[in-house]
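Asks: If you scroll down you'll find the structure; I have some questions about it.
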Amino acid sequence: MARLNILRYPDPRLHTVARPVAVVDERIRRLVDDMLETMYGADGVGLAATQVDVHERVIVMDTSESRDRPLVLVNPELVARSDEMAVAEEGCLSVPQIYDRVERHARVSVRALDRDGRGLEFDADGLTAVCVQHEMDHLVGKVFVEYLSAFKRERIRTKMLKRTREEQRSA
Ligand code: GNR
Ligand code: NI
Numbered sequence: 002m003a004r005l006n007i008l009r010y011p012d013p014r015l016h017t018v019a020r021p022v023a024v025v026d027e028r029i030r031r032l033v034d035d036m037l038e039t040m041y042g043a044d045g046v047g048l049a050a051t052q053v054d055v056h057e058r059v060i061v062m063d064t065s066e067s068r069d070r071p072l073v074l075v076n077p078e079l080v081a082r083s084d085e086m087a088v089a090e091e092g093c094l095s096v097p098q099i100y101d102r103v104e105r106h107a108r109v110s111v112r113a114l115d116r117d118g119r120g121l122e123f124d125a126d127g128l129t130a131v132c133v134q135h136e137m138d139h140l141v142g143k144v145f146v147e148y149l150s151a152f153k154r155e156r157i158r159t160k161m162l163k164r165t166r167e168e169q170r171s172a
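2 is the number of the first residue of the sequence shown in the numbering used here; add one for each residue after it.
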């Protein structure tokens, strides 16, 4: 397994639309394992392949307190969404140290393939529902800051560029 580099906003590659996985083979399983190591290593609750510059529909998540319940979603689809919406504070490994409130469906029903290519279906609420929607946005090239006002987004973009520049200077 290996830890992968996570793209950082405003990297234009974060806006790539991922394509469906044709077969869940050894290559996909290796990607999944590397993504899990990367997610756990970065203390994240989720990671989309887009964030590691692989543009295929693969997500890993773990919203458990104990961090021992990995969830692998290949070709995820939302088969139902609640009318009820909920606002929660979100962060993103591609936009470190930025947190803001985003409104999403309170509950979703998810259909996907697992790490072995078997079908799975489940209902999610709370952080899991937030996380599934956040990760599925990444797969269509959308980052959570795009839900914020243009003013906030510009401020975040500037802050991130400045931080990356400073890090390069001190490296
Ligand atoms: O680690 C993460 N935490 C988080 C918190 C609230 C809402 C969404 C998330 S996802 C994020 C990891 C990440 O960037 N996934 O794409
Ligand atoms: Ni994210």
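For each residue, glycine too, the CB sits at the ideal point set by N, CA and C.
So which of L5, I99, L140, E90 has the shortest CA-CA distance to M1?
Replies: The structure shown does not extend to residue 1, since the chain is modelled only from 2 to 172, so the question has no answer here.
Asks: The alpha helix (DSSP H) with E85 in it runs from where to where?
Replies: For the purposes of this step, residue 85 is taken as the residue at position 84 of the sequence shown. Careful: E85 lies outside any alpha helix (DSSP H) and carries neither H nor E.
Asks: How many angstroms separate the CA atom of R166 from the CA atom of V144?
Replies: Indexing the sequence shown from 1 puts residue 166 at position 165. Indexing the sequence shown from 1 puts residue 144 at position 143. Going from the Cα of R166 to the Cα of V144 covers about 21 Å.
Asks: Can you list, in chain order, every residue whose CB sits closer than 6 Å to a heavy atom of the ligand NI?
Replies: C93, L94, S95, H135, H139
Asks: Can you find the residues in the same chain that come closer than 7 Å, C-beta to C-beta, to Y148, ignoring five residues on each side of it along the sequence?
Replies: To locate residue 148, count along the sequence shown from 1; it is residue 147. So the list reads V103, once near-sequence residues are dropped.
Asks: When we look at the beta-carbon of G45 and count the other beta-carbons within 10 Å, is it buried (16 or more) or exposed?
Replies: Translated into the one-based positions of the sequence shown, residue 45 becomes position 44. Under this definition G45 is a buried residue.
Asks: Identify whether R116 lies in helix, strand or coil by the three-state DSSP scheme.
Replies: For this step, residue 116 is matched to residue 115 along the sequence shown. Coil.
Asks: With 16 as the cutoff for other CB atoms within 10 Å, does M40 come out buried or exposed?
Replies: Translated into positions along the sequence shown, residue 40 becomes position 39. The residue is buried, with at least 16 neighbouring Cβ atoms inside 10 Å.
Asks: Once DSSP output is grouped into helix, strand and coil, what is the label at S171?
Replies: Counting from 1 along the sequence shown, the entry for residue 171 is found at position 170. It is helical.
Asks: What is the DSSP secondary structure of D34, reduced to helix, strand or coil?
Replies: Numbered from 1 along the sequence shown, position 33 holds the residue referred to as residue 34. Helix.
Asks: At a threshold of 7 Å, does A61 count as lining the ligand GNR (C-beta to nearest heavy atom)?
Replies: For the purposes of this step, residue 61 is taken as the residue at position 60 of the sequence shown. It should be pointed out that residue 61 corresponds to Val in this sequence rather than to Ala. Every heavy atom of the ligand GNR is 7 Å or more from the Cβ of V61, so no.
Asks: Looking only at its own chain, which residues have a Cβ that is under 6 Å from the Cβ of Y10, when we skip the five neighbours before and after it?
Replies: For the purposes of this step, residue 10 is identified with residue 9 of the sequence shown, where counting begins at 1. These residues qualify, in order along the chain: S95, V96, V144, M161.
Asks: How many angstroms separate the CA atom of V33 from the CA atom of V61?
Replies: Taking the sequence shown and counting its residues from 1, the one referred to as residue 33 is at position 32. Taking the sequence shown and counting its residues from 1, the one referred to as residue 61 is at position 60. Straight-line Cα distance between these residues: approximately 7 Å.
Asks: Rounded to the nearest angstrom, how far is the Cβ of T64 from that of H139, given a contact under 8 Å?
Replies: Here residue 64 refers to the residue found at position 63 of the sequence shown. Here residue 139 refers to the residue found at position 138 of the sequence shown. So it is not a contact: roughly 16 Å between Cβ atoms.
Asks: When the Cα atoms are used, what is the spatial distance from L114 to D35?
Replies: Counting from 1 along the sequence shown, the entry for residue 114 is found at position 113. Counting from 1 along the sequence shown, the entry for residue 35 is found at position 34. Going from the Cα of L114 to the Cα of D35 covers about 18 Å.
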